[in-house]
Structures are given as C-alpha cells and as structure tokens.
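Please read the structure below before turning to the comments.
There are 2 protein chains.
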Amino acid sequence: MPRTRHDVARDAKVDEIVEAARARLLDGGAAHLSVAAIARELGLAQAAVYWYFPTRDHLFVAAVERILHDVLARKPRAGTTLDHVLWIADRLDEVQDLRMALRERAKASELVAAFDRDVHALLRVLLVNALPPGVDDDGVDAFMALCEGVLLQHLGRRRRREVLRLGYERLVG
Amino acid sequence: MPRTRHDVARDAKVDEIVEAARARLLDGGAAHLSVAAIARELGLAQAAVYWYFPTRDHLFVAAVERILHDVLARKPRAGTTLDHVLWIADRLDEVQDLRMALRERAKASELVAAFDRDVHALLRVLLVNALPPGVDDDGVDAFMALCEGVLLQHLGRRRRREVLRLGYERLVG
DNA sequence: ACCTGAACACCGTTCAAGT
DNA sequence: ACCTGAACACCGTTCAAGT
Chain Z
28 MPRTRHDVAR DAKVDEIVEA ARARLLDGGA AHLSVAAIAR ELGLAQAAVY WYFPTRDHLF
88 VAAVERILHD VLARKPRAGT TLDHVLWIAD RLDEVQDLRM ALRERAKASE LVAAFDRDVH
148 ALLRVLLVNA LPPGVDDDGV DAFMALCEGV LLQHLGRRRR REVLRLGYER LVG
Chain Y
28 MPRTRHDVAR DAKVDEIVEA ARARLLDGGA AHLSVAAIAR ELGLAQAAVY WYFPTRDHLF
88 VAAVERILHD VLARKPRAGT TLDHVLWIAD RLDEVQDLRM ALRERAKASE LVAAFDRDVH
148 ALLRVLLVNA LPPGVDDDGV DAFMALCEGV LLQHLGRRRR REVLRLGYER LVG
C-alpha cells in the first residue's frame, strides 16, 4: 500500500475521512466519533487525519455539516404552511441528538460554537420562510423556541405534532 | 495518613466526593468532572472512588442532584404567577448547561436517562404549580416546551423574559 | 469494609523522521 | 505535500493484594 497517495486527489481523501465520520455520527452518535477509530478504519496513522483536520472538532463540524445538508436537501411535499412547519420539525428531530452534541461541545470549542450559531440562524430562516408573512419577531422567536423545546421533550411524533399545532395557532396563526 | 479511614463515617466520605464533583461541575462543566481528577484532588487512588460510586455516571448524577436541589431550594419572592414562572426560568437557566450534559450522557447511560426523566417530571410539576389553575394539558406542554426551548436560545435575560411573557399570555394566560 | 498499586484499553494531540 | 511511528498526558474501569 502506498504510504503517501499523491495519485489520489486531496478532495477525495478529505471526503473519505468526512464520510467515515458521518457514518459514525449516524449510528453511534458524537461519542462514537473518534480520530483514532477513523484512522483505524481507514488504515491510516492517527496523525494522518490531523494533516487534513487540525482538531477533532474540525472533523466533527465537517461531518455534521454534511449530515445537515443532506437532511435539509429533501424537498417537502406541498401543503398548508402548518404542514410545512411540521415537516421541518420532523427533519430537525432526525438531527436532534447531533444538535445536542454540538451544544455540549460548543462550550469548549469556539469553532463548534460558531457553527452552532450558524445552524441556529439557518433554521430560523427556514422557519420564517415557512410561516405566513407578517408575523412579528416576538412571535417567531417564541414559536422557534417552542419548536426547539418540543424536540427536547420525550414526546412521540403524534403528540409532538399536536403541541406544535397548538403553538402555531396561538403564536403565529 | 490512614489508608483506610474507619474512623470517618461512610456518609462523610461520600459527601466529600460528591462535593468535589459538584465544585468541578459548577466551574468546568461536565467535561471537567473526571474520577481521576477528583481522586487526585482528594489524595485517593482512583479505585477508591469506585468503592462508593460504581461508575462515573453514578457520581455525575449524585452531583447534579445536589446542585439542582440547592438551586430549587431558593424561595421565590411573591408576585404574579407570571413573575413566578419567570423566576423558575431564571433558576433553570443557571443549570441549563448541566441539563444539556445530562441529555448528552443519557444516550449512553440508562441511569442518567432515568434521572433526566425524573428532572423533567419535577420541572413540569413546578411549572404546573406556578401556573393558574385550569390550564389544559396541551397548553402546559406547549408552554413547557417554550420554556425549555427559550433557554436553549442565545438570548439575553431581557429578551428571554419578553418571549416568555408572550408565550405565557398566548398559551396559558 | 475500605483502600492501594498497577494494569488494560482507550482517548486527542504533537513531532521528528521519512518519502 | 503527505504520512508513519512513537511518544505524551490524559481518560474510565477492573482486580489482586493489603489492612
């Protein structure tokens, strides 16, 4: 096996690592993402990963970024604005664990903290676009908080949608 | 120094460890809580801690329990029901980081998961008691979600209270 | 009952050295 | 430019052995 792979494009090697990280995040969660494990899996020395990603957090962010991109790329079916909002909530629920892990890590890493803020801003844009026009900022903030909070709860999908519907009607409807 | 301290009551020794854990949680967060560090601090072998707490998570839960107990023991000043709710939100904001850490760890440990559910149930009782009587379950769930969600946001205390006030009026007022 | 010492299997990160 | 090997300083957990 080649020690240095000058034949393989840099992007392909970066992609290989991010893909391995993505896979680990999706089954074991953030705790399952370790530089050592990925290096083992890819047959690399640990230090090789650090050539492309200066810290574990850089790799973590890159992998979460890819996952979020994929999840949000799915197009919603047409429907009422409430349907659209509920669809967004279902998507967010899929990445809820990762968002929690992001928050936890953000306390220690400014890199992760900045990314977390970006994600939050993006979700806000998504929600505002989904809502009917003319909703005041207070209502948006309150409804956004309700969305994030309801994902935190241990409710089933059915119950979650009921609560969201109520919030929608009373806060922005 | 005595190797085994039969003179010191078991409770006192447990208390010493939990207290050290509490201090570490309060400044460095959950990431700063390690069995190794506490043993070093107390001049014990690491294995000594395991005599009282079978896993790191047991110690973690015990320390968070103590912190929560202290925070919630503080008595609110009299005021409107909204004032009371805002007071609860301020208390919860103080332990927000710990709650996140709890959630993160709950994925890996059923012990932590169970404790997290207990905390959630306790907070719900606290909120229901603070709210005016006769609020429907949907309203409570929605407002509770809003409370937890608004603590997740990067809002200042001022803004947080505005959003909570709006949610209170439209969801349970 | 209580505690030590030492081990085991993990981490993230760094760095000199090689190609 | 790219990668290895080895080290360093951490973890949580276990266990035989001592008092």
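Chains Z and Y, in that order, give the protein sequences.
Quick note: the first sequence, position 109, residue 136 per my numbering, numbers continuous.
Quick note: the second sequence, position 117, residue 144 per my numbering, numbers continuous.
Glycine included, each C-beta is placed from N, C-alpha and C at the ideal position.
Secondary structure of Phe170(Y) (DSSP, three-state): helix. Each of Arg184(Z), Leu179(Z), Trp114(Z) was checked against the Cα of Leu125(Z), and the nearest Cα belongs to Leu179(Z).
Here Phe87(Y) really is in contact with Leu60(Y); their C-beta atoms are around 6 Å apart, less than 8 Å. Of all residues in the stretch 117-143 of chain Y, the ones placed with a Cβ closer than 8 Å to any Cβ belonging to chain Z are Asp124, Met127, Ala128, Arg130, Glu131, Lys134, Ala135, in chain order. Using beta-carbon distances, Gln180(Y) counts as an interface residue toward chain Z, with a partner under 8 Å. A direct Cα-to-Cα measurement between Arg184(Z) and Gly176(Z) gives close to 14 Å. Judged by DSSP in its simplified three-state form, Arg101(Z) adopts coil rather than helix or strand. The beta carbon of Arg83(Z) sits closer than 6 Å to those of Val62, all from its chain and outside the five residues before and after it, given in chain order. Taking CB atoms only, Arg197(Y) has a neighbour in chain Z less than 8 Å away. In terms of CA proximity to Gly194(Y), Leu109(Y) leads the group Asp120(Y), Leu109(Y), His33(Y), Arg49(Y). Between Asp42(Z) and chain Y, the shortest Cβ-Cβ separation is not below 8 Å. In the DSSP assignment, Thr108(Y) falls within the unbroken alpha helix (DSSP H) covering 108-121. DSSP places Ala58(Y) outside any alpha helix (DSSP H), giving it a letter other than H or E.
CA-to-CA, the gap between Arg151(Y) and Asp54(Y) works out to about 27 Å.
Between the alpha carbons of Leu95(Z) and Arg192(Z) lies a distance of about 24 Å. Of all residues in the stretch 45-68 of chain Z, the ones placed with a Cβ closer than 8 Å to any Cβ belonging to chain Y are Gly56, Ala57, Ala58, in chain order.
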